Amino acid sequence: MSDTPLLTIAGVAKAYGATAALRGVDLAVQRGEVVAIIGPSGCGKSTLLRCINFLEEPDAGTIQLDGEPVGFGTVRGRRYRDRQSRIDRMRSRIGMVFQQFNVWPHKTALENVILPQMVVARRSATDAERRGREELDRVGLADKADAYPAELSGGQLQRVAIARALAMDPQLMLFDEPTSALDPELIVEVLAVIRALAEARRTLIVVTHELRFAARVADRVIFMDGGRIVESGPPQSVLVNPKSERLRRFLATLLYDSSTAGAVAAEATEISHERRADQGGTWRPH
Amino acid sequence: MTLDFLSVVQYWAVFAKGLALTLAASLLALAMALALGAGLALGRLSRRRLVSGAALALIEVIRDLPFMVLVFLVFYLLPAAEIRLPAFGVGVLTLGIYESVYFAEIVRGAILSVPKGQMDSARAIGMSRTQAFRYVIFPQMMGYFLPPATNQAVMVVKDSSILSTITVAELTMSGRIAVTYTVAPIEVFLVISILYWLICSGVSRAGAWLERALQPHVRSRPPAALQSGHPAHV
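Read top to bottom, the protein sequences are chains G and Z. Residue numbering for the first sequence is 0 to 285, as defined by numbering that gives the first Met the number 0. Residue numbering for the second sequence is 0 to 233, as defined by numbering that gives the first Met the number 0.
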């Protein structure tokens, strides 16, 4: 595959009225890379994700997916908004999973996975159903295909949402705090699905507060604060040896007891080294 | 007091004609109010200030008038503007416009009741605005739309009685005509009441049926724990 990053973000800024949510973010994500974004609430991490698929329109900066500009084009130095149909097509190549699941309650689990395949990807009903069942099976919900969302737990709903996104063959998956709305005992089942995607070398950007998970699964951890990327690097450097005072303080609030801190450190230093050793074929951290 | 329904029933043809006109006026006005109301609701939700402002102004002005005043106003205004319509036409038009502002607010409320994340997930996966509305928002907003809309449809039927004031021979007017023949106002208006009640309960039933037909996911289902036969709950 080519060496150009799958996703290139340069100087992206976004303000809501007088409040700046993003103050110039630069980020390149390689194919097969797993990036975890951490940071206090209001730091801009969700806004950044929503800019990547143009659910929010950045005020400044550029985003490129696979070399193609997202949302805006440039003619003779002037920025113009892309045709909506182009933006829609670009979005279908990016899967997004939300904190609140946003599964469609009037459709069964299977229908949730089938609908976008038919209306966006224009697959036949038979193809969409076959693929829908495959994806539900992948997330462990083959037996819940005909259940309505009201009958499913939060963890199951989030897995339906993941299956729905995967069925579109996205080049990139965005996870916006996928486990923040879940009861502790349901978090594990969702993280297991995301981890399996990471192990399959899919390109993932995960906004999360689960530091152990970030340490274990991410190739790179990014710490955002005040609309900027403050620190970025492999889990062991960001999570175990933070350079900035702000990150140290943030980690201290999340790792309130020494056993959690120890577990994160162990995941970050040992396990992710192992993982890189046996999967280092496609991409190497710089 | 003895009630003499026999003398009333022999004028059934008068009631039948009134009933037919009430049904026709209500149905036409309802169709008009739904279409106009949906348009006004979209207008109010528009991001363009001019459009949303105009829709809001129209809704406010019409909502603050008693229906009878609006009926008289239109009834005398149209001929003055050299527009000649039969009384029935004027009535349907006015009723449709009047009820549309209520439907506009019901439609707007229903759209806003669908959580914003539903639109987000539809757009994020690549649906166009139209597709997202058709497949994701519309089916869900019906759950918020139908109960108050059914109520309002009943109001349309009842408000149509005011068209009797501008010479439309609908059900209420047919009652007043029947009274002049029978001199039995209590019996006549008991019959009229029963007929209104029949129409309106029909409207309510239709609304309830639509609610069930359009929303398979709301049909009372036991929660997942019960379905798997959790003994603690059974």
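Glycine included, every Cβ here is placed at the ideal spot set by N, Cα and C. Fair warning: this is a prediction, and the values are worked out from it, not measured in the lab.
G/VAL28 is positioned such that its CB atom lies no closer than 8 angstroms to that of G/ALA197. Counting only Cβ-Cβ distances below 9 angstroms, G/VAL119 has contacts in chain Z at ILE124, GLY125, MET126, SER127, GLN130, in chain order. G/LEU203 and G/LEU253 do not touch by the CB rule: their CB atoms are close to 21 angstroms apart, not below 8 angstroms.
The alpha-carbon of G/HIS105 is positioned some 15 angstroms away from that of G/LYS143. Per DSSP, G/MET89 is not a residue of any beta strand (DSSP E); the alpha helix (DSSP H) it occupies stretches across 83–90. Each residue's CA atom was taken as its position, placing G/ALA251 and G/GLY70 some 38 angstroms apart.
Closer than 8 angstroms to the CB of Z/VAL135 there is at least one CB belonging to chain G.
When Z/LEU77, Z/ALA80, Z/LYS115, Z/GLY90 are compared, the shortest CA-CA separation from G/PHE97 is found for Z/LYS115.
Restricting attention to G/ILE221, G/ILE228, G/SER84, G/GLU184, the CA atom closest to the CA of G/SER236 is found in G/ILE221. Ranked by how close their Cα comes to the Cα of Z/PHE14, the residues Z/SER200, Z/VAL178, Z/LEU209 have Z/VAL178 in first place. The beta carbon of G/HIS208 sits no closer than 8 angstroms to any beta carbon of chain Z. Rounded to the nearest whole angstrom, the CA to CA distance from Z/PRO184 to Z/ALA205 is 31 angstroms. Scanning chain Z for C-beta atoms nearer than 7 angstroms to the C-beta of G/GLN99 yields GLY116, reported in chain order.
Residue nearest to Z/ALA168 within the set Z/MET0, Z/SER203, Z/THR21 is Z/THR21 (criterion: CA-CA distance).
Z/ASP63 has a beta carbon lying at 8 angstroms or more from every beta carbon in chain G. According to the DSSP assignment, Z/SER45 belongs to no alpha helix (DSSP H), since it is labelled neither H nor E. Looking at the DSSP output, G/GLN63 bridges to G/THR7, G/PRO68. Counting only unbroken stretches of 3 or more residues, the beta strand (DSSP E) elements lying wholly within the region 175–217 of chain G are 203–206, in sequence order. Under the three-state reduction of DSSP output, Z/ARG83 falls in the coil class, being neither helix nor strand.
Just measuring C-alpha positions, the residue of Z/LYS16, Z/ILE124, Z/GLY36, Z/GLN9 sitting nearest Z/ALA109 is Z/GLY36. For G/LEU109, no beta strand (DSSP E) run applies; the uninterrupted alpha helix (DSSP H) run containing it begins and ends at 108–118, by DSSP. Residue state for G/ARG137 is assigned as helix, using DSSP reduced to three classes. Of the candidates G/ARG245, G/ALA164, G/GLU266, G/THR18, the residue whose Cα lies closest to the Cα of G/ARG92 is G/ALA164. Contact with chain Z is absent for G/GLN157, since none of that chain's Cβ atoms lies less than 8 angstroms from the residue's Cβ. With a contact defined as Cβ atoms closer than 8 angstroms, G/ARG201 and G/MET172 qualify at about 6 angstroms. Counting along the chain, G/MET223 sits inside no alpha helix (DSSP H); it lies in the beta strand (DSSP E) bounded by residues 219–224. Not one beta carbon of chain G lies nearer than 8 angstroms to the beta carbon of Z/PRO146. Here the C-alpha atom of G/ILE62 lies approximately 7 angstroms from the C-alpha atom of G/ILE51. For G/VAL189 against G/GLY154, the beta-carbon gap comes to about 5 angstroms, under 8 angstroms, which counts as contact. Minimum Cα-Cα distance from Z/LEU194 among the listed residues Z/ALA212, Z/GLY174, Z/GLU210 corresponds to Z/GLY174. Leaving aside the five residues that flank G/ARG49 on each side, the residues in its chain whose CB is nearer than 8 angstroms to its CB run, in chain order, GLU55, ASP175. Distance from the Cα of G/ARG88 is smallest, within the candidate group G/LEU6, G/LEU64, G/SER243, G/ASP218, for G/LEU64. Identification of chain G residues near Z/SER120 by a Cβ-Cβ cut-off of 7 angstroms yields PHE97, ASN101, ordered along the chain. Residue Z/ILE136 holds the alpha-carbon nearest to the alpha-carbon of Z/VAL113 among Z/PHE66, Z/VAL156, Z/GLU98, Z/ILE136. Measuring C-alpha to C-alpha distances from Z/PHE188 to each of Z/LEU170, Z/VAL202, Z/SER200, Z/SER203 identifies Z/LEU170 as the nearest. Counted as a single uninterrupted DSSP element, the stretch harbouring G/GLU230 is not any alpha helix (DSSP H) but the beta strand (DSSP E) occupying residues 227–232.
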